[in-house]
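For reference, the structure is listed below as structure tokens.
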Amino acid sequence: MSVPFSDQGYLVYEIMVILMLLIGVPSQMVAFFVFTRKKFRQMTLNKLFLNIVIANLIMIFCEFPLIMVSAFYKKWLFGRVGCIATGAQVTVTSITMIITLVCIEAKVMFYINMSEAHPLSKLLGPLKENALVVLIWTYAGICTVPTVSGWSEITLEPGEINCAPNWTAQAPKDVAYLALLTIFAYVLPVSVQIRSFWKLWKRSNQQLESISSAAVFLRNRAMYRSKGRMVMASTITFTLLWLPYCICSLITLSGKAYLVENDAAIIPTLVAKCSCIFSPIVYAVTSRRFRREFQSVLFCELTSTTNQGRPTLPRRDDVVIVTKF
Numbered sequence: 309m310s311v312p313f314s315d316q317g318y319l320v321y322e323i324m325v326i327l328m329l330l331i332g333v334p335s336q337m338v339a340f341f342v343f344t345r346k347k348f349r350q351m352t353l354n355k356l357f358l359n360i361v362i363a364n365l366i367m368i369f370c371e372f373p374l375i376m377v378s379a380f381y382k383k384w385l386f387g388r389v390g391c392i393a394t395g396a397q398v399t400v401t402s403i404t405m406i407i408t409l410v411c412i413e414a415k416v417m418f419y420i421n422m423s424e425a426h427p428l429s430k431l432l433g434p435l436k437e438n439a440l441v442v443l444i445w446t447y448a449g450i451c452t453v454p455t456v457s458g459w460s461e462i463t464l465e466p467g468e469i470n471c472a473p474n475w476t477a478q479a480p481k482d483v484a485y486l487a488l489l490t491i492f493a494y495v496l497p498v499s500v501q502i503r504s505f506w507k508l509w510k511r512s513n514q515q516l517e518s519i520s521s522a523a524v525f526l527r528n529r530a531m532y533r534s535k536g537r538m539v540m541a542s543t544i545t546f547t548l549l550w551l552p553y554c555i556c557s558l559i560t561l562s563g564k565a566y567l568v569e570n571d572a573a574i575i576p577t578l579v580a581k582c583s584c585i586f587s588p589i590v591y592a593v594t595s596r597r598f599r600r601e602f603q604s605v606l607f608c609e610l611t612s613t614t615n616q617g618r619p620t621l622p623r624r625d626d627v628v629i630v631t632k633f
């Protein structure tokens, strides 16, 4: 049985979840409208970025309200079935986010003729984005199936207001699954991305031998700078936000759950949940085009309304990115 929080711990948890709802819902909805606009739908990698937004929205709408209500009553209110469904959903959407980032990176490497820098680039690069999205969700589902099929289980975490894989289990089959889950859902994707980013960083300022013309070189380099920054910043942020939770889970798995019980479990759990609200902020900071469209949607097309009837020329970065996003 999980250990409850203090009254102050439940209050902090509830306040933080409310803040994440207030920030996450509008920012992710605006990001959704940006990526579904006509000019963005034509861009390469758009469906993969949109896949991250959808995964974030599913987590926000399907988990946060339940946690908020449970934190108010200081106990899980939605039964065993609700716990299993919520825990499985969170696991699937979290894995979907990080694997989508891996696939975006692989596609970027493929487009700029650096497939050798990413172990999955030659395999994933030629695939259509629709097929990649299906494969991503399938992979996340396969990683989660053992928790609902009897190999392992989903249970209440400390505080009894949130559900996740049972990291306190000590049976060999549970330990084996949790170790595999950690490797294939966090350690391996992060390692692949760090290795690929390092190679890309080393080569980004060097002339690519496989590119014959300066125009093609500049186009590929511009694509890396626009999309590479978005993926790199998203990956670093996601990795850092989930790192405390991963460490605490491994500590619990090693039989030392007492180190991360009571209110000590609040911080890593809340920090990990913040991962589903950060992506629009990262995109806005690293991409001028996304930032401009984000502001346009956020302020109800104020700019376009002001400029009605005035002939406008496309900006230079509009023309460049539309052909390469």
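Reading the sequence shown from the start, the letters are residues 309 to 633 in this note's numbering.
Here a beta-carbon is modelled for each residue, glycine too, at the ideal position from N, C-alpha and C.
Remember, it's a predicted structure, so these values are computed and weren't measured experimentally.
(message) Going by the DSSP bridge assignment, what does A472 pair with across the sheet?
(response) For this step, residue 472 is matched to residue 164 along the sequence shown. In DSSP, A472 forms a bridge with T463.
(request) Have a look at I360 and I555 and give me their C-alpha separation to the nearest angstrom. (result) In the sequence shown, residue 360 corresponds to position 52, counting from 1. In the sequence shown, residue 555 corresponds to position 247, counting from 1. Each residue's alpha carbon lies about 24 angstroms from the other.
(message) DSSP three-state label for S562, please.
(response) Locating residue 562 in the sequence shown gives position 254, where the first residue counts as 1. Coil, per DSSP.
(request) Can you tell me which of E371, L549 and W475 puts its alpha carbon nearest to the alpha carbon of E461? (result) Taking the first residue of the sequence shown as position 1, residue 461 is located at position 153. When each option's Cα is compared against that of E461, the closest is W475.
(request) Quick one: residues in its chain with C-beta nearer than 7 angstroms to the C-beta of S612, no 5 flanking neighbours on either side, listed in chain order? (result) Indexing the sequence shown from 1 puts residue 612 at position 304. Because the pLDDT of S612 is 46, which lies under 50, any placement of that residue in the model is unreliable, and the question is left without a value.
(request) Could you pull out every residue in the same chain whose Cβ sits closer than 6 angstroms to the Cβ of L567, ignoring the five residues on either side in sequence? (result) To locate residue 567, count along the sequence shown from 1; it is residue 259. Only I559 meet the Cβ criterion.
(request) Would you check if the distance between the CB atom of V539 and the CB atom of I403 is smaller than 8 angstroms? (result) Position 231 of the sequence shown, counting from 1, holds the residue named residue 539. Position 95 of the sequence shown, counting from 1, holds the residue named residue 403. 8 angstroms or more divides the Cβ of V539 from the Cβ of I403.
(message) Quick check: the Cα distance between K339 and P480, rounded to an integer number of angstroms?
(response) Here residue 339 is taken as the residue at index 31 of the sequence shown, counted from 1. Here residue 480 is taken as the residue at index 172 of the sequence shown, counted from 1. The displayed chain sequence assigns Ala, not Lys, to residue 339. Each residue's alpha carbon lies about 43 angstroms from the other.
(message) Beta-carbon within less than 6 angstroms of M328's beta-carbon, same chain only, minus the 5 sequence neighbours each way: which residues are those?
(response) Start at 1 with the first residue of the sequence shown, and residue 328 comes out as number 20. Taken in chain order, the residues that qualify are I585.
(message) To the nearest angstrom, how far is the alpha carbon of G390 from that of W506?
(response) Position 82 of the sequence shown, counting from 1, holds the residue named residue 390. Position 198 of the sequence shown, counting from 1, holds the residue named residue 506. Taking the straight line joining both Cα atoms gives about 42 angstroms.
(request) Less than 8 angstroms between the CB atoms is what I'm expecting for I375 and N470, so what's the real figure, rounded? (result) Counting from 1 along the sequence shown, the entry for residue 375 is found at position 67. Counting from 1 along the sequence shown, the entry for residue 470 is found at position 162. Cβ atoms of I375 and N470 come within 8 angstroms of each other, at about 6 angstroms.
(request) Output the distance between the C-alpha atoms of M324 and Q501, rounded to the nearest integer angstrom. (result) For the purposes of this step, residue 324 is taken as residue 16 along the sequence shown, with counting starting at 1. For the purposes of this step, residue 501 is taken as residue 193 along the sequence shown, with counting starting at 1. Cα-Cα distance, rounded: 30 angstroms.
(message) Going by C-alpha to C-alpha distance, which of R596, W550, T394 and L561 sits closest to P252?
(response) Residue numbering for the chain in the displayed model covers 309 to 633; residue 252 lies beyond these limits and cannot be assessed.
(request) Less than 8 angstroms between the CB atoms is what I'm expecting for F343 and L358, so what's the real figure, rounded? (result) Your numbering for residue 343 matches position 35 in the sequence shown. Your numbering for residue 358 matches position 50 in the sequence shown. F343 to L358, Cβ: 4 angstroms. Contact.
(request) Could you pull the start and end residues of the alpha helix (DSSP H) that P588 belongs to? (result) Along the sequence shown, read from residue 1 onward, the residue named residue 588 stands at position 280. Per DSSP, P588 belongs to the alpha helix (DSSP H) from S587 to T594.
(request) Reducing DSSP to helix, strand and coil, say where R345 ends up. (result) Counting from one through the sequence shown, the residue named residue 345 turns up at place 37. Coil at R345, not helix or strand.
(message) I need the straight-line Cα distance from V441 to F372, nearest angstrom please.
(response) Here residue 441 corresponds to residue number 133 of the sequence shown, with the count starting at 1. Here residue 372 corresponds to residue number 64 of the sequence shown, with the count starting at 1. V441 and F372: Cα-Cα distance of roughly 24 angstroms.
(message) Determine whether the beta carbon atoms of A363 and M405 lie at a separation below 8 angstroms.
(response) In the sequence shown, residue 363 corresponds to position 55, counting from 1. In the sequence shown, residue 405 corresponds to position 97, counting from 1. Against a cut-off of 8 angstroms, the Cβ pair of M405 and A363 comes out as a contact.
(request) Would you kindly check if the distance between the Cβ of C370 and the Cβ of Q350 is under 8 angstroms? (result) As a first step, residue 350 must be located in the sequence shown, where it is residue number 42. As a first step, residue 370 must be located in the sequence shown, where it is residue number 62. With respect to the 8 angstroms criterion, Q350 and C370 are not classified as neighbours on the basis of their beta carbons.
(request) Would you give the residue range spanned by the alpha helix (DSSP H) that I366 belongs to? (result) Here residue 366 is taken as the residue at index 58 of the sequence shown, counted from 1. First-last of the alpha helix (DSSP H) with I366: N354 to Y381.
(message) Once DSSP output is grouped into helix, strand and coil, what is the label at F340?
(response) Against the sequence shown, residue 340 aligns to sequence position 32. If DSSP states are grouped into helix, strand and coil, F340 belongs with the helices.
(message) In whole angstroms, give me the CA-to-CA distance for A565 and S378.
(response) For the purposes of this step, residue 565 is identified with residue 257 of the sequence shown, where counting begins at 1. For the purposes of this step, residue 378 is identified with residue 70 of the sequence shown, where counting begins at 1. Computed Cα separation, rounded: 22 angstroms.
(message) Taking the alpha carbon of R503 as the reference point, which residue from V410, S335 and S542 has its own alpha carbon closest?
(response) Against the sequence shown, residue 503 aligns to sequence position 195. Here the closest residue by C-alpha is V410.
(request) Find out if the Cβ-Cβ distance for the pair T401, M367 is shorter than 8 angstroms. (result) Here residue 401 refers to the residue found at position 93 when the sequence shown is read from its first residue. Here residue 367 refers to the residue found at position 59 when the sequence shown is read from its first residue. Result yes, Cβ atoms of T401 and M367 sit closer than 8 angstroms.
(request) Kindly indicate the opening and closing residues of the alpha helix (DSSP H) around D482. (result) As a position in the sequence shown, residue 482 is number 174, starting the count at 1. Start and end: P480 to T490.
(message) Mapping the DSSP letters down to three states, classify W384 as helix, strand or coil.
(response) Walking along the sequence shown from the start, residue 384 turns up at place 76. Three-state result, W384: coil.
(request) Drop a sphere of 10 angstroms on the beta-carbon of I326, count the other beta-carbons inside from all chains shown, and report buried for 16 or more, exposed for fewer. (result) The count along the sequence shown starts at 1 and reaches residue 326 at position 18. I326 should be labelled exposed.
(message) Output needed for S583: all residues of its chain with C-beta closer than 8 angstroms, excluding positions within five of it in sequence on either side, in chain order.
(response) Along the sequence shown, one-based indexing puts residue 583 at 275. Answer for S583: S402, M405, T545, F546, L549 and W550, listed in chain order.
(message) Measuring straight from C-alpha to C-alpha, what distance separates D571 and Y553?
(response) As a first step, residue 571 is located in the sequence shown; it is residue number 263 there, counting from the start. As a first step, residue 553 is located in the sequence shown; it is residue number 245 there, counting from the start. Rounded to whole angstroms, D571 to Y553 spans 14 angstroms at the Cα level.
(request) Could you name the residues of the same chain whose beta carbon sits closer than 7 angstroms to that of L385, not counting the 5 residues immediately before and after it, in chain order? (result) The count along the sequence shown starts at 1 and reaches residue 385 at position 77. V377 and S378.
(request) Leaving out five residues on either side along the sequence, give the residues of the same chain with a beta carbon under 7 angstroms from the beta carbon of V311. (result) Position 3 of the sequence shown, counting from 1, holds the residue named residue 311. In its chain, beyond the 5 residues on either side, P466, E569 and N570 have a beta carbon closer than 7 angstroms to the beta carbon of V311.
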